[in-house]
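In what follows, a single structure is set out as structure tokens and then discussed.
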Amino acid sequence: MLGDSPNKLLTHYHDDAKTMYEVFQRGLHIAGDGPCLGSRLPNQPYKWLSYKEVTTRAEHLGSGLLSQGCTPSPDQFIGVFAQNRPEWIISELACYTYSMVVVPLYDTLGPDAIRYIINTADIITVICDKPEKAQVLLGNVERQDTPGLKRIILMDPFDPALLEQGEGCGVIVQSMQDVEVRRESPPTPEDLSIVCFTSGTTGMFSGGKQMVLNLSNHRFSPPCLSGVPQKVIFPNQDDVLISFLPLAHMFERLIESVVYCHGGRIGFFQGDIRLLSDDMKALRPTIFPVVPRLLNRMYDKANTPLKRWLLNFAAKRKGAEVSRGIIRMDSLWDKIFFSKIQASLGGRLRMIVTGAAPASPTVLGFLRAALGCQVYEAYGQTECTAGCTFTTPGDWTSGHVGAPLPCNLIKLVDVAEKNYFAAKGEGEVCVKGPNVFKGYLKDPGRTAETLDTDGWLHTGDIGKWLPNGTLKIIDRKKHIFKLAQGEYISPEKIENIYIRCEPVTQLYVHGDSLQSCLVAIVVPDPETMPAWALKKGMEGSYRDLCKNTVLKKAIMEDLQRLGKASGLHSFEQVKNIYVHNEQFSTQNGLLTPTLKAKRPELREFFKEKIEDLYENISM
């Protein structure tokens, strides 16, 4: 077990920022009338709301909610159904100002999830961004799927017909501007702050497996990321963060709260991930929260076959500086090789924080050198307010997720069925501290499964302590299954190895207890696969290449090579693959909003293909 004693765990870093309300008030005190929230229209510069403007609008919106019958109480849940934008934060702050509770609704998880969240959390009022979403909500009420919903507040302009539709089913539809009116009633540190429904990757919205979290205000205040050396990582008033990861997830909310706490700025993307690079060039951010999949894409784009040798050569030379703690953007290597990569991200990045999934050591090492900025890796989950370990500033080695944060303890417990034992420094990662959640909403049974009687959160991840006190995530207790011969399989471990196959951008490894081997669905990268195929003597369109049996064989051989080099056992290697020509996405329901694979949905989507793969295996 690592961390300080339970009596010395950090609950807050600043005495004037013990709740999420106070976090923003501290930023207001620092920045005053300085810029706070920025947004832009296509081909236009960012326009900013000041801290004072944001605070005033939040107070007015909260007062308006109270005047419409909402109560200033932690029992009052307000839904927010929108993409990242200034009004999302204004709505959130309005709730904190009047001790109400934010319940993010997912706009990428489909209608079933929306209905489930509204009913489970007894939501009467939803604030949403677009009329199309309001129509979805009204349709649910008309069908009696969400009879408790009584009010919809819209950020964008809407047609009067929407008012009539609402009147027809007993729902009041209003504009956000009309609701903004009157006096704050801020929360205490013990009050509930947020109820966060997590999508998970195991079909969490079906049956009784929902994951709903209660986080108190002090649990959602940002002590964790603040409790590291101030000169190195602390944001300041000059910092600008690009907001594009879903605000319905704790990782993005936590990073943003640290920026607010120090008077920094948040600039929102336009809502289209394809325009993110354009937004970054216009915003020129200094802080970039990101998930590993996007880091992999950046690496693959920068590291094209033609440039591979030169870029790796330059990265290794500059990486030697990084290992000595020298991080800069003005070296000879930057001027010759890396300036274009840096400019594509705005040219001012000083800090990248990655989380939500393991990051490749190769990718982290390359980007630390190429981007000339600090790259931190965080590990945690929603149940511990996003983070429980963090890269120690100055330690730019890769292959681990850092040391425990000062707000929590971490211990490893035995997972005997997989031969992981705490006595050997391996086991399931368990977390205890003020950042750990209160429990799953209306689900004491699931709470008891995850949160033991001593207050330890059981994460389901398998970790290993390294000699320097950092934690390495090596496996998953979740998603483990047995093959027919009794061998345990962790598909995510295998996927994390196979994903480094040059032409592959996504894959799903499948197996079950009725089969003796594994198969996989492989999605090639439309940008890198054609050049890779050409080197092997194959030409054609992307779709034609995906059907090419020779290409399939070449990908299989490369996967086997990577697996062998990484020490996979024979039973852990896939024995057949299907090459799919459409990427997994949130739109087709195969990825969560944080771009993790939704395994039950993938299994069902590719059910027939998987059956064909098993029928055609040549062992």
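Numbering follows full-length UniProt numbering, in which position 283 of the sequence shown is assigned residue number 283; successive positions increment by one, without gaps. The beta carbon of each residue, even a glycine, is placed where N, CA and C say it ideally should be. Since we're looking at a predicted model, the values are computed, not measured.
beta-carbon residue i near the ligand NAP non-hydrogen atom, thresh 7 Å
{"i": "Gly34", "result": "Here there are no bound small molecules, and the ligand NAP is not part of this structure."}
Span of the beta strand (DSSP E), counted from its first residue to its last, around residue i
{"i": "Thr382", "result": "Unbroken run through Thr382: none, as it is neither H nor E."}
{"i": "His29", "result": "Where His29 is concerned, there is no enclosing beta strand (DSSP E), although the alpha helix (DSSP H) it sits in stretches over Met20 to Ala31."}
{"i": "Trp465", "result": "Leu457 to Trp465"}
{"i": "Leu591", "result": "Careful: Leu591 lies outside any beta strand (DSSP E) and carries neither H nor E."}
{"i": "Ile508", "result": "Note that residue 508 is Tyr in the sequence shown, not Ile. Start and end: Val504 to His510."}
{"i": "Asn496", "result": "Segment Pro491 to Tyr498 is the alpha helix (DSSP H) holding Asn496; no beta strand (DSSP E) there."}
{"i": "Val101", "result": "Val101 to Pro104"}
{"i": "Lys340", "result": "No beta strand (DSSP E) holds Lys340; the alpha helix (DSSP H) holding it covers Ser339 to Ser344."}
{"i": "Lys47", "result": "Lys47 to Ser50"}
Integer Cβ distance of residue i from residue j, believed to fall under 8 Å
{"i": "Asp239", "j": "Arg274", "result": "With 8 Å as the limit, Asp239 and Arg274 do not qualify as a contact, their Cβ atoms being about 26 Å apart."}
{"i": "Met250", "j": "Thr385", "result": "6 Å"}
{"i": "Gln261", "j": "Gly27", "result": "Here residue 261 turns out to be Cys, not Gln, going by the sequence shown. Correct: roughly 6 Å between the Cβ atoms."}
{"i": "Tyr578", "j": "Ile521", "result": "5 Å"}
{"i": "Leu457", "j": "Leu451", "result": "6 Å"}
{"i": "Pro292", "j": "Leu241", "result": "Contact doesn't hold; Cβ gap of about 18 Å is too wide."}
{"i": "Leu412", "j": "Gly463", "result": "6 Å"}
{"i": "residue 649", "j": "Pro361", "result": "Summary: the structure shown does not reach residue 649, with the chain confined to residues 1 through 619, and so no result is reported for it."}
{"i": "Ile118", "j": "Gly168", "result": "Not a contact, Cβ separation roughly 19 Å."}
{"i": "Ile617", "j": "Asn581", "result": "In fact, because the Cβ distance is near 22 Å, the residues do not count as touching under 8 Å."}
{"i": "Arg115", "j": "Thr71", "result": "In fact, because the Cβ distance is near 24 Å, the residues do not count as touching under 8 Å."}
{"i": "Cys128", "j": "Leu154", "result": "6 Å"}
Endpoints, the alpha helix (DSSP H) within which residue i is located
{"i": "Cys36", "result": "Where Cys36 is concerned, there is no enclosing alpha helix (DSSP H), although the beta strand (DSSP E) it sits in stretches over Pro35 to Ser39."}
{"i": "Val171", "result": "Run containing Val171: none; DSSP gives neither H nor E here."}
{"i": "Phe605", "result": "Arg599 to Phe605"}
{"i": "Gly79", "result": "From DSSP, Gly79 is part of no alpha helix (DSSP H) but of the beta strand (DSSP E) over Phe77 to Phe81."}
{"i": "Trp532", "result": "Met529 to Lys535"}
{"i": "Val179", "result": "Met176 to Val179"}
{"i": "Arg115", "result": "Pro111 to Thr120"}
For residue i, the three-state DSSP class (helix, strand or coil)
{"i": "Cys128", "result": "strand"}
{"i": "Phe234", "result": "coil"}
{"i": "Asp558", "result": "helix"}
{"i": "Arg265", "result": "strand"}
{"i": "Lys150", "result": "coil"}
{"i": "Gly64", "result": "helix"}
{"i": "Lys442", "result": "coil"}
{"i": "Tyr13", "result": "coil"}
{"i": "Phe584", "result": "coil"}
{"i": "Cys420", "result": "According to the sequence as given, residue 420 is Tyr; it is not Cys. Strand at Tyr420."}
{"i": "Leu451", "result": "strand"}
{"i": "Tyr98", "result": "coil"}
{"i": "Phe437", "result": "coil"}
{"i": "Pro526", "result": "coil"}
{"i": "Trp333", "result": "helix"}
{"i": "Leu367", "result": "helix"}
{"i": "Asn616", "result": "coil"}
{"i": "Thr470", "result": "coil"}
{"i": "Glu539", "result": "coil"}
{"i": "Cys546", "result": "helix"}
Burial state of residue i (16 or more Cβ within 10 Å)
{"i": "Gln210", "result": "Only weak support exists for where Gln210 lies, its pLDDT of 32 falling under 50; the coordinates are left without a value."}
{"i": "His29", "result": "exposed"}
{"i": "Leu41", "result": "exposed"}
{"i": "Ile336", "result": "exposed"}
{"i": "His510", "result": "buried"}
{"i": "Gly207", "result": "At Gly207, the pLDDT of 24 sits below 50, so the modelled position is not reliable; the number obtained from the coordinates is stated separately. It counts as exposed."}
{"i": "Thr453", "result": "exposed"}
{"i": "Phe309", "result": "According to the sequence displayed, residue 309 carries Trp and not Phe. That one is exposed."}
{"i": "Gly38", "result": "buried"}
{"i": "Asp279", "result": "buried"}
{"i": "Arg599", "result": "buried"}
{"i": "Thr391", "result": "buried"}
{"i": "Gln144", "result": "exposed"}
{"i": "Thr19", "result": "buried"}
{"i": "residue 677", "result": "The structure shown does not extend to residue 677, since the chain is modelled only from 1 to 619, so the question has no answer here."}
{"i": "Leu245", "result": "buried"}
{"i": "Ile555", "result": "buried"}
{"i": "Ala484", "result": "exposed"}
{"i": "Ala58", "result": "buried"}
{"i": "Ala423", "result": "exposed"}
Residue(s) in a DSSP beta bridge with residue i
{"i": "Cys430", "result": "Lys411 and His458"}
{"i": "Ala403", "result": "Phe390"}
{"i": "Phe475", "result": "Per the sequence shown, residue 475 should be read as Asp rather than Phe. Ile462."}
{"i": "Ile287", "result": "Leu241 and Met351"}
{"i": "Ala520", "result": "Val509 and Ile577"}
{"i": "Lys482", "result": "Tyr488"}
{"i": "Gln374", "result": "Met351"}
Residue-level contact to chain B via CB, residue i, 8 Å cutoff
{"i": "Leu595", "result": "No chain B appears in the structure shown, which is made up of a single protein chain."}
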